[in-house]
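Protein chains: 2
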Amino acid sequence: MNDLAALKADLEGLAIEDNPQIVRQKSRDFFWYSPVLKRQLDEVCADIVVTVTSEAEVIRVLRACYAHDVPVTTRGAGTGNYGQAMPLSGGVVLNLADMNKVLEVSTGVVRAEAGAIMSTIDDAARPSGQELRLHPSTYRTATIGGFVAGGSGGVGSINWGGLRDFGNILRLRVVTMEAEPRILELSGADLHKVSHAYGTNGVITEVTMPLTAAYDWVDVLTGFDSFAEAARFADALANQDGLLLKEIAPIAAPVPHDYFLRHQKFIRRDQSVCALMVAPFAMDAFSAFASRFGGVEILYRSDLASDEDKQGLPPVYELAWNHTTLRGLRVDPTLTYLQVLYPFPDHVEKAVHLAELLGDEAPAHLEFVRFDGRNTCFGLPIIRYSSEDRLEEIIRIHEDRGCPVFNPHCYTLEEGGMKQTDAVQLAFKKEADPKGLLNPGKMIAWENPDFDFSSDQTYLFPGLAR
Amino acid sequence: MNDLAALKADLEGLAIEDNPQIVRQKSRDFFWYSPVLKRQLDEVCADIVVTVTSEAEVIRVLRACYAHDVPVTTRGAGTGNYGQAMPLSGGVVLNLADMNKVLEVSTGVVRAEAGAIMSTIDDAARPSGQELRLHPSTYRTATIGGFVAGGSGGVGSINWGGLRDFGNILRLRVVTMEAEPRILELSGADLHKVSHAYGTNGVITEVTMPLTAAYDWVDVLTGFDSFAEAARFADALANQDGLLLKEIAPIAAPVPHDYFLRHQKFIRRDQSVCALMVAPFAMDAFSAFASRFGGVEILYRSDLASDEDKQGLPPVYELAWNHTTLRGLRVDPTLTYLQVLYPFPDHVEKAVHLAELLGDEAPAHLEFVRFDGRNTCFGLPIIRYSSEDRLEEIIRIHEDRGCPVFNPHCYTLEEGGMKQTDAVQLAFKKEADPKGLLNPGKMIAWENPDFDFSSDQTYLFPGLAR
Ligand SMILES: Cc1cc2nc3c(=O)[nH]c(=O)nc-3n(C[C@H](O)[C@H](O)[C@H](O)COP(=O)(O)OP(=O)(O)OC[C@H]3O[C@@H](n4cnc5c(N)ncnc54)[C@H](O)[C@@H]3O)c2cc1C
Ligand SMILES: Cc1cc2nc3c(=O)[nH]c(=O)nc-3n(C[C@H](O)[C@H](O)[C@H](O)COP(=O)(O)OP(=O)(O)OC[C@H]3O[C@@H](n4cnc5c(N)ncnc54)[C@H](O)[C@@H]3O)c2cc1C
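Just so you know, the protein sequences line up as chains A and B, in that order.
Numbering of the first sequence is given in the UniProt record's numbering, commencing with residue 1 and proceeding in unit increments.
Numbering of the second sequence is given in the UniProt record's numbering, commencing with residue 1 and proceeding in unit increments.
So this is what it looks like as structure tokens:
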């Protein structure tokens, strides 16, 4: 590891960590959500972690790593659950968690360093009556740079769609991995070059995001006799144009009762639930709509709950998105999950059909979102895992019924996404990371241009076999 | 007119106007948009106008009019274009224009007296970074009470749907027409009792509306070689979930050039136009989207226009909704218009087909809105009017192709709307206006319970023949 010694010398004065336990910890994310990734990635580890506090330090690290041919994997908070932030070829984990200042809040816009935690950004925006449009359920731990580079959407997507949509990211400042790193400012169509690229073609140092009006969202849990009713209610609610909600998630029994331990007292075991965030001034209209819909039991409303009832309850968004699975995993570590799109317009029928078909092997969990201008839903069904083969079979059952799966049991961009080469991101990698040192192994199009995405094979990064 | 003398005596101390010219002026609205209504309603006139400044005065007027059996027609700013505010049986015009205070602005909510002008409400809300969700293009003249009682939607409906949707009106304070008028506070499902009831079953004295984030909207005009392209662009834009716009209106050539006189210098005569309001921070993303779409010429952007260019230009929203027709009428007083719904999902095909079918007899004008959770469009085509028969024929041509017409050539609630009895509003009228003195002649269900809506007959109020 001679290069490493030279690299360390070059980086003198920076915060370098080489304690093996800490390095191992900072080399891991939530990959263990997947039994497949757990098997594949458990030994992955960086050589050192460098924690930077400024863009100038980022440039210094990249310049030195380029000179010494050392791979660099950028890390925000490491909450990704696809193994996105795991350094498959070792080298440096570039930790941005301390580059976390909110730089500027103006009307409709916030500018922050990439390592800023999303809830911190909202704390800074809220005095102006504003908040971020979208956040993952890891709002209180994840960084804005990690969300842009590795996330897709979440709470708020029912109003704004996802990060992939024009207008949900305004501007990115990016440092390239070259002999002399350049600073680029991307906006408009250029944002796609680095957003959701897992840091494979640049390090984002600064993020400019749109803001929207902030409210003291009311957490609401509604109960239903069947999952189908919960799903239909969610769909009808999503289509209420004048009712402002930030989150609509139907979750099939017995998941809410069995895994939402703090909320268990409000939920019967046979009850399917819709988890909601409603604007406070919309509560009257929401109640009127729910009683007209019929069959809706209000189990919990944070605006009417006693302090005693609220004691120790997590916010509703921490029951939703990947937190549903997390709460399941805490009770039953053998569980895993899928990520599915149920395409409009028969998304509800498809989701209900699959839920009935798979029964308790795959309790349904939907997330309603705006998608290409329509209200439809993603699904994150919990899977009672038996084997990799059966998991593949369940994926096929979904795809055969016209419901694409964004496979969360793969660590590559392509396999977890559109299953095709992203020409824009590949071209930008050629320009911004000519040596291929940024987060190696995550972009198949770079590692193996001839890979056949139509085959049933999953890609295996050679670097993993070291 | 003995009763009137007694009534006047009862109202002593209030602002009573009986100057015939002023009374005639305050008895009229924009009914003359329709050649049919112009013929039917031109002689309509109240006996006196009473201008009130408080709810207590409203109660005094209603109590006295009830005692003397004098009809009362409430008036906001009189900008309705269905003859809604015209006193078909004479009597009192109750003018609320001076009851116009904005009472309270809080997070997400504004409370105002019913006669407050919408732009005044926004002036009061804007220091808190907020504005109304929806406004008609008569924003700078119309009252909030008149909008709730007589309007349907407008600018902002692309994000929030219409007034009929749960959540777009929060609370109404209403005075009944009884021996002893009662004050009612309506919310939730009860709002429907009086919203869009033309003041036939109560006088709204106070309105509570939701607010949303306020921006310095950028006025944009984009040019296209054909109306079909303008309509397709508008539809694609409406489906961009991350692009925040407040207004999307494609308008067929030669209307923009011929009738938008102040903007004429930016527009070729053969150019169809999309009139847009875009959030300032969304302009980069909007431009990226427009150039990816292709064939879009940016004719005008208020954020880049010189002061000289902007001089004397009306805001884009005063080119849209019923202002498109108004600008046409100013150039060619023989024009009129229709109001059409093109139902999702083939709204664009339907609108383009009808535009091509009717050619220059009915230049197309669409307004994109959210409707039952989908993005679709209303149309307000300009009609080069020849006869009432041909107008009926054009309406039939639309309806035969699955495009319902909200006939703006009728003054009754039912004929301009759903063409059926609204049982809720009728029941509330029985309760709140037992003598039927409020805005007589506008609710067929009250005047003639046996009226056959499926017949081809239009309803003629007997009171008109006085
Ligand atoms: C319980 C749970 C719930 C979740 N819910 C959601 C959800 O609702 N929606 C959603 O989209 N995701 C969700 N995720 C995934 C993840 O939490 C989010 O995407 C989160 O925003 C990632 O942020 P992070 O700071 O943890 O990024 P990390 O995990 O540190 O990094 C994510 C990826 O981005 C790269 N990266 C990080 N920072 C930068 C940078 N500055 N420049 C370039 N590349 C960078 C990393 O290399 C990695 O590839 C969830 C995960 C868990 C475990
Ligand atoms: C150029 C132009 C553009 C327009 N654009 C739009 C548009 O975009 N969207 C739209 O919806 N409409 C539109 N309209 C119609 C109209 O301007 C609006 O509906 C407006 O909000 C009406 O407000 P007003 O104060 O003028 O009401 P008025 O015309 O005074 O009254 C409207 C109706 O409500 C009743 N009313 C008024 N105040 C009260 C009250 N306090 N209590 C009970 N009943 C009451 C009246 O009796 C009448 O029946 C347009 C009209 C014109 C002429």
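In this text, a Cβ means the ideal position worked out from N, Cα and C, and glycines have one as well.
Since the structure is predicted, the reported quantities are computational estimates derived from the model, not experimental observations.
Just grab the DSSP bridge partners of residue i for me.
{"i": "residue 300/A", "result": "221/A"}
{"i": "residue 130/B", "result": "213/B"}
{"i": "residue 181/B", "result": "Partner(s): none; residue 181/B has no beta bridge."}
{"i": "residue 405/A", "result": "340/A"}
{"i": "residue 112/A", "result": "102/A, 207/A"}
{"i": "residue 19/A", "result": "According to DSSP, which records beta bridges pairwise, residue 19/A is partnered with nothing at all."}
{"i": "residue 250/A", "result": "274/A"}
{"i": "residue 367/A", "result": "378/A"}
{"i": "residue 383/B", "result": "336/B"}
{"i": "residue 94/B", "result": "50/B, 74/B"}
Taking 8 Å as the CB-CB cut-off, is residue i touching chain B?
{"i": "residue 109/A", "result": "yes"}
{"i": "residue 187/A", "result": "yes"}
{"i": "residue 240/A", "result": "yes"}
{"i": "residue 422/A", "result": "no"}
{"i": "residue 170/A", "result": "yes"}
{"i": "residue 156/A", "result": "no"}
{"i": "residue 372/A", "result": "yes"}
Hey, would you say the C-beta of residue i is under 7 Å away from at least one heavy atom of ligand 2?
{"i": "residue 259/B", "result": "no"}
{"i": "residue 53/B", "result": "no"}
{"i": "residue 85/B", "result": "yes"}
{"i": "residue 122/B", "result": "no"}
{"i": "residue 136/B", "result": "yes"}
{"i": "residue 375/B", "result": "no"}
{"i": "residue 198/B", "result": "yes"}
Considering only C-alpha positions, which residue in the set the options is nearest to residue i?
{"i": "residue 81/B", "options": "152/B, 458/B, 446/B", "result": "152/B"}
{"i": "residue 236/B", "options": "429/B, 369/B, 310/B", "result": "369/B"}
{"i": "residue 273/B", "options": "121/B, 310/B, 290/B, 229/B", "result": "229/B"}
{"i": "residue 357/B", "options": "345/B, 163/B, 381/B", "result": "381/B"}
{"i": "residue 172/B", "options": "22/B, 183/B, 165/B", "result": "183/B"}
{"i": "residue 97/A", "options": "111/A, 84/A, 75/A, 10/A", "result": "75/A"}
{"i": "residue 32/B", "options": "85/B, 68/B, 19/B", "result": "85/B"}
{"i": "residue 425/B", "options": "62/B, 241/B, 198/B", "result": "198/B"}
{"i": "residue 462/B", "options": "446/B, 454/B, 455/B", "result": "446/B"}
Residue i CB to nearest chain A CB: under 8 Å?
{"i": "residue 322/B", "result": "no"}
{"i": "residue 217/B", "result": "no"}
{"i": "residue 406/B", "result": "no"}
{"i": "residue 74/B", "result": "no"}
{"i": "residue 279/B", "result": "yes"}
{"i": "residue 89/B", "result": "no"}
{"i": "residue 466/B", "result": "Note that residue 466/B scores a pLDDT of 48, beneath 50, so its modelled location is shaky and nothing firm can be said."}
{"i": "residue 292/B", "result": "yes"}
{"i": "residue 210/B", "result": "yes"}
{"i": "residue 4/B", "result": "no"}
{"i": "residue 375/B", "result": "yes"}
{"i": "residue 112/B", "result": "no"}
{"i": "residue 128/B", "result": "yes"}
{"i": "residue 234/B", "result": "no"}
{"i": "residue 150/B", "result": "no"}
{"i": "residue 1/B", "result": "Its pLDDT being 47, under 50, residue 1/B is placed unreliably in this model, and the coordinates cannot settle the point."}
Relative to ligand 1, is the shortest distance from any of its heavy atoms to the C-beta of residue i smaller than 7 Å?
{"i": "residue 495/A", "result": "No answer is possible for residue 495/A: it lies beyond the span of chain A, which begins at 1 and ends at 466."}
{"i": "residue 168/B", "result": "no"}
{"i": "residue 444/A", "result": "no"}
{"i": "residue 286/B", "result": "no"}
{"i": "residue 98/A", "result": "no"}
{"i": "residue 32/B", "result": "no"}
{"i": "residue 323/A", "result": "yes"}
{"i": "residue 433/A", "result": "no"}
{"i": "residue 142/A", "result": "yes"}
Residue i touches chain E at which residues, Cβ-Cβ below 7 Å?
{"i": "residue 166/B", "result": "In the structure shown, chain E cannot be found, because the protein chains are A and B."}
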